[in-house]
Every structure is written in structure tokens, then in C-alpha cells.
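Engineer: Dropping the structure in here first, questions after.
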Amino acid sequence: MNITIIDCGSGNLRSAQKAFEKVSKNLFKKTNVIVSASVEDLEKTNFIVLPGVGSFSDFIKGINDINGMQDALNYYVIKKGLPFLGICVGMQVLATKGYENIETEGLNWISGSVRKIKTHSNLPVPQMGWNNLVLKQNHPIVSNISNNDHAYFVHSYFFDCNENSHIVAQVDYGIPINAIVVKDNIIGMQFHPEKSQQTGLDLISNFLLWGK
């Protein structure tokens with residue numbers, strides 16, 4: 085199995101690569117987990133992972149700065165149906181638009197917008213640290229995951245989905261924050277599974293088993 089982690093220049097992706105290597109070697113006889121900014125590598129991959137940190141607008145710019153990358157993502161994910169996982173800002177850019185710094189067009193794979201977290205509590209923004217997942221529906225991505233399993237978050241903006249049917253899990257941070265969203269072959273996680281201990285490894289395993 086070939087797993088491609090896309091590098092859009094948003095930070096060190098080694099922790100994500102190590103997590104996928106650890107999980108995949110226990111699931112498949114042969115695995116190859118690469119970090120790549122090459123469109124050509126998508127031709128031979130079985131899974132696409134898009135981790136991201138930083139701002140929505142900068143991350144979209146990072147995708148567009150790689151010649152042909154957005155077109156390739158649309159082709160392999162939307163047309164060919166390759167299993168896709170977006171992490172943190174990589175989940176947020178699945179939305180129609182983002183409103184961080186400036187209004188920015190997203191990939192528009194899952195209808196919704198990305199907006200600043202505003203709560204009526206004294207909780208600090210960004211949300212930084214552990215929070216407990218609240219499951220909203222059954223889906224293979226959360227098999228063997230329970231309510232109150234915790235995941236690690238670092239973000240100031242959240243994905244406001246237009247359709248509740250796409251929301252698989254949330255967390256409470258003064259307001260409901262969508263933690264896992266799903267549409268067809270596309271999954272997004274607002275938290276960092278590679279930093280979320282056993283829960284994160286289980287979610288990565290679920291993603292690979294679901295998409296194989």
C-alpha cells in the first residue's frame with residue numbers, strides 16, 4: 085500500500101509520517117509512506133493525507149504554489165475516489181470558504197465555512213490541548229472509538245458544516261466544534277491524530293482499513 089502525505093510547506097510532517105508507518109506496517113504486508121510535494125506521486129498512491137498548520141489562506145496558497153496540485157487533488161480524490169484524510173488546516177480547506185485574515189476559496193469538497201472560534205466562556209482561543217470526542221453518528225472511521233476518548237487540538241478557527249450529515253464527531257469548547265467530518269471517500273479531522281496517543285493511532289488504522 086502506498087500512502088502519500090502531501091507537503092505544502094506548512095511545517096514538519098515527520099510525526100505524521102511516523103504515525104502512518106507505525107500503523108500501516110501492522111495492517112499490510114508491504115507499505116510505503118512518503119512525504120511529497122510532487123503531483124506525479126499521486127498517480128501511484130492508494131491513500132492521500134493532507135496535514136496542515138497555519139492559516140487557511142496561506143495553506144490554500146501552498147497548495148496552489150505546487151504546479152497542478154489542486155487539479156490533481158480534484159482528479160484523484162473527487163473523480164477517482166481515492167481515500168483522503170485532511171488533518172487540522174488540511175480538514176478546514178475542504179470547506180467552501182475560509183474567513184481567516186481574508187476571505188479565501190476552499191476546495192469546496194464539503195459545503196461549509198471556516199470561522200473564528202467565539203465562545204461566551206472564559207476558554208482561551210486558540211484551543212490548545214486535549215478535548216473529549218462526542219460521537220454524533222456511526223461510521224467506520226470511529227469504530228472502536230468511544231465517547232470521551234480524547235484527541236489533541238491546536239486551532240483558532242473551526243469548520244462550520246452546512247449539513248449535519250457530514251458530522252461524525254464534535255468536541256465541546258464553549259460551542260460545538262466539529263472534530264471529524266466525512267463525505268463519501270473524504271475524511272477530515274480537526275485535531276492531530278498523530279499527536280493523540282492510542283486514540284489517534286486507532287483512527288489512522290480505521291482510515292486505512294476503511295479505504296483499502
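For the record, in the sequence shown the residue sitting at position 106 is 190 according to our numbering, with numbers rising by one throughout. By construction, the Cβ of each residue, glycine as well, lies at the ideal position given by its N, Cα and C atoms.
(1) Mind checking whether Leu97 and Val119 have CB atoms under 7 Å apart?
(2) Starting from Leu169, follow the beta strand (DSSP E) in both directions and report where the run begins and ends.
(3) Skipping 5 residues on each side, what residues in its chain have a beta carbon closer than 7 Å to that of Leu207?
(4) Return the residue from the list Gly165, Ser141, Asn151, Ser94 that minimises the CA-CA distance to Leu134.
(5) Taking Val198 as the reference, give the member of Ile261, Lys128, Gln282 with the closest Cα.
(6) With a 10 Å radius around its C-beta and 16 neighbouring C-beta atoms as the bar for buried, classify Gln274 as buried or exposed.
(7) DSSP three-state call for Gly182: helix, strand or coil?
(8) Okay, do the region 270-289 and the region 97-107 touch, 3+ Cβ pairs below 8 Å being the bar?
(9) Could you pull the DSSP bridge partners for Phe131 from this structure?
(10) What residues in its chain sit with their C-beta under 7 Å from that of Phe143, if we drop five residues either side in the sequence?
(11) Would you grab the beta carbon distance between Thr188 and Gly196 for me? Rounded to a whole angstrom, and I think it's under 8 Å.
(12) Do the CB positions of Leu219 and Val226 come within less than 7 Å of each other?
Structural biologist: Considering the structure as presented:
(1) A distance below 7 Å separates the beta carbons of Leu97 and Val119.
(2) For Leu169, the uninterrupted beta strand (DSSP E) run begins and ends at 168-172, by DSSP.
(3) Within the same chain, Leu207 has close Cβ partners Tyr257, Gly258.
(4) It is Ser94.
(5) The option with the nearest alpha carbon to Val198 is Ile261.
(6) By the C-beta density criterion, Gln274 is buried, having at least 16 other C-beta atoms within 10 angstroms.
(7) Secondary structure at Gly182: strand, using DSSP grouped into helix, strand and coil.
(8) Touching, yes.
(9) According to DSSP, which records beta bridges pairwise, Phe131 is partnered with Ile87.
(10) The residues are Cys92, Ser94, Gly136, Val173, Val177.
(11) The beta-carbon separation of Thr188 and Gly196, rounded to 14 Å, does not stay under the 8 Å limit for a contact.
(12) Going by C-beta atoms, Leu219 is nearer than 7 Å to Val226.
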